[in-house]
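Since the structure comes first, as structure tokens, the remarks are kept for the end.
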Amino acid sequence: MKTYSLDEAEDLLVGKKGTKERDEYEFELKLELIGDIIKTARIKRNLTQEQLGELVGVKKAQISRLENSTGNVTFETVIRILDALGARLSLNLQM
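Structure, rendered in structure tokens:
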């Protein structure tokens, strides 16, 4: 039985780095991580989704969709949510 490294398994199952399939997979994964981070920070600050939505100026449903990675959200909204939670965003842009 052949064994695979994690990188090899990802290449086989998701696609090689630089391909459209792999880029989409990694983008979705990052969105899911952002949702998890927001949910954890919200709970840590004892806020409901509705309370956070009020602080940001969006409906509870949008907070829920973001936390569950099930809807479209603008970058501006993510920034406003992180600001309301007192969180900082650090970006690393690579070209």
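For the sequence shown, this note's numbering assigns the number 367 to the initial residue and increments by one for each residue that follows.
The beta carbon of each residue, even a glycine, is placed where N, CA and C say it ideally should be.
Determine the direct distance from the alpha carbon of residue j to that of residue i, and round the result to whole angstroms.
i, j, result
"I400", "E442", "14 Å"
"K383", "E398", "19 Å"
"L372", "L379", "10 Å"
"F393", "M367", "32 Å"
"R388", "G381", "5 Å"
"L413", "K426", "11 Å"
"D377", "Y391", "11 Å"
"Q417", "I445", "17 Å"
"V424", "L395", "24 Å"
Comparing C-alpha positions only, which one of the options sits nearest to residue i?
i, options, result
"K410", "L455, A450, M367 and T369", "A450"
"T406", "N434, Q428, V439 and K368", "N434"
"Q415", "I447, T385, K386 and R454", "I447"
"T436", "T369, E374 and D402", "D402"
Hey, residue i and residue j are a contact pair by Cβ (cut 8 Å); roughly how many whole angstroms apart?
i, j, result
"I404", "G419", "Actually they are not in contact, since the Cβ atoms of I404 and G419 sit about 12 Å apart, beyond 8 Å."
"V439", "L432", "5 Å"
Write down every uninterrupted run of the alpha helix (DSSP H) in the stretch 381–430 whose length is 4 residues or greater and which is fully enclosed by it, in chain order.
386–410 and 415–422
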